[in-house]
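Quick notes on the structure that follows.
There are 2 protein chains.
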Amino acid sequence: MRYCMTVSYDGTAYKGYQKQPNKKTIQKEIEEVLTKINGDQKVAVHASGRTDAGVHALNQKIHFDLDKSVKIDKLEDSLNKMLPDDIFVKRVERVHANFHARYDVKAKEYIYKINMGEYNPLERNYIYQYNRQLDIVEMERALKYLEGEHNFKSFTKTDEEKDDYVRTIFKATLTRDKYNINQITICLKCSGFLRYMVRNIVGLLIEIGEGKYKSSDIFDILRAEDRTKAGKTAPPNGLYLNDVFY
Amino acid sequence: MRYCMTVSYDGTAYKGYQKQPNKKTIQKEIEEVLTKINGDQKVAVHASGRTDAGVHALNQKIHFDLDKSVKIDKLEDSLNKMLPDDIFVKRVERVHANFHARYDVKAKEYIYKINMGEYNPLERNYIYQYNRQLDIVEMERALKYLEGEHNFKSFTKTDEEKDDYVRTIFKATLTRDKYNINQITICLKCSGFLRYMVRNIVGLLIEIGEGKYKSSDIFDILRAEDRTKAGKTAPPNGLYLNDVFY
């Protein structure tokens, strides 16, 4: 029986989603709990993709198999009782046997939060504390230029070797919080994300907002297919995997 | 020279504001840093009042004396460079020599945040995860009854011996977040708070919202002057010292 769960987590205390020897990771916590629930028979889980250390998720999708059919409500309750309080299973669903949380992804959406106002210690792990003003209009222009199909090699990890760096950005927006004009949220919905792609895009956007680059520099940077042309990498703490589409 | 600073902090990692032997407290962190800045000559600080373990502050007021006059900007910068990232000095002001951050308080305002919706691991230290619906209308009624001058002995710590339990609540409101109808904020502005008073009031309000008490039971509970009549104590994580008035 294959199940898919929707999980939210606070990435602050973890070395990222993906299992690594002797490291505290989201995947390890979830597999350990599922294995216990499964009568100590090992359960392996497959997420829509990894998230880096310090990155959060609001709706991560993770599939796994259990030998026997279980009551969904009971499974959800057991998971949430046994998981640490910074990981929460929002729901579990039965899915067909060939569903795959990673291979079947049609699009993913990330959001990135920035505080341009005064430093707030209560937000430090959840909103990037940039604490200065940015040229929002120029950043919005740059986001528009990013929409569509492009080669995003300039925005991935330097040593990331891939066959294909072409992805389609369906949506690239910037919104101001209605209560707090100093808080902005960048939202990117894409056919798939390369490693560090959101943080590298946001890093460049911030430099565009600072006036170090012009929004129209985006075209040359995309064309260069060269990471060294594309500015800084934004820190992980403002980043959330917001949704996964199948 | 007397100075007063406005400080925000994330209380999650601390055993409260007030110094205690061998415990991590806000006061200890601030006094250590100020003492270093003062050339290792001990500086004692005086806050508007303590906050309990896990309780946050958005505008705590703290006064202290320095032998010599200092540049305010430089002092603010040094403090924020040396303090841990969960404590932030918003500003430092020169005050007259007989100002006292505690004795001169005219009123204080606390807010308490409750999430009635689904558990959110990202909010767990900042918003009480009640995760069920409450009867908001009945809670608002109870808040109205609390306004004015009353004896609040029923709402303080059982073993708290005081000469005077009479305080004046100037404002007692409940607001719903405009974006998230499941998030409510209770705000209490009072001439002074007894120990655990906000958490005990919120604890009772929640039980009123659950239907275990009626809003009009407030009158009997106040009259009883007896802690055992007044319901539960709400957890500290949703509570913020919001402002201090002089």
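First to last, the sequence lines map onto chains A and B.
Quick note: the first sequence uses this note's numbering, first residue 1, plus one each step.
Quick note: the second sequence uses this note's numbering, first residue 1, plus one each step.
Note that the Cβ used here is the ideal one computed from N, Cα and C, for glycine as well.
Since this is a predicted model, take the numbers as computed values, not measurements.
Verify the CB distance criterion: does residue i have a CB-CB separation below 8 angstroms to chain B?
i	result
Y126(A)	yes
F88(A)	yes
D85(A)	yes
Using 8 angstroms as the threshold, is the C-beta distance between residue i and residue j below it?
i	j	result
F172(B)	L143(B)	Here the sequence assigns Ala to residue 172(B), which means Phe is not the residue at that position. Cβ distance < 8 angstroms, so A172(B) and L143(B) count as in contact.
H46(A)	A101(A)	yes
T35(B)	K24(B)	no
Y179(A)	T233(A)	no
Y9(A)	I26(A)	yes
S48(B)	V105(B)	yes
K90(A)	V7(A)	yes
F170(B)	C187(B)	no
V198(A)	L239(A)	yes
S215(A)	R167(A)	no
L58(B)	Y126(A)	no
L250(B)	V33(B)	No answer is possible for residue 250(B): it lies beyond the span of chain B, which begins at 1 and ends at 246.
M139(B)	I201(B)	no
R132(A)	D85(B)	no
Y130(B)	M116(B)	yes
Y213(A)	L204(A)	yes
N237(A)	Y110(A)	no
A44(A)	E29(A)	no
M5(B)	L66(B)	no
I184(B)	T175(B)	yes
S154(A)	D52(A)	no
Y145(B)	T156(B)	no
R50(B)	Y17(B)	yes
H63(B)	F88(B)	no
For residue i, which three-state DSSP category applies?
i	result
V95(B)	strand
R50(B)	coil
A172(B)	strand
Y213(B)	coil
D73(A)	helix
T6(B)	strand
A13(B)	helix
N200(B)	helix
I208(A)	helix
G238(B)	helix
C220(B)	First, the amino acid is wrong: residue 220(B) is Asp here, not Cys. Looking at D220(B) - three-state DSSP - the assignment turns out to be helix.
V251(A)	Only positions 1 to 246 of chain A appear in this structure, which leaves residue 251(A) out of reach.
I186(A)	strand
V244(A)	strand
Q27(B)	helix
L58(B)	strand
F155(A)	helix
N115(B)	strand
E109(A)	strand
Y145(B)	helix
K81(A)	helix
I37(B)	helix
K162(B)	coil
R227(A)	helix
Distance cutoff 8 angstroms, beta carbons only. Does residue i sit that close to anything in chain A?
i	result
H96(B)	no
N120(B)	yes
Y9(B)	yes
D77(B)	no
H56(B)	yes
Legend entry - Contact the region 223-233 of chain A vs the region 59-68 of chain B: 3+ CB pairs below 8 angstroms: Cβ pair count under 8 angstroms is below three, so no.
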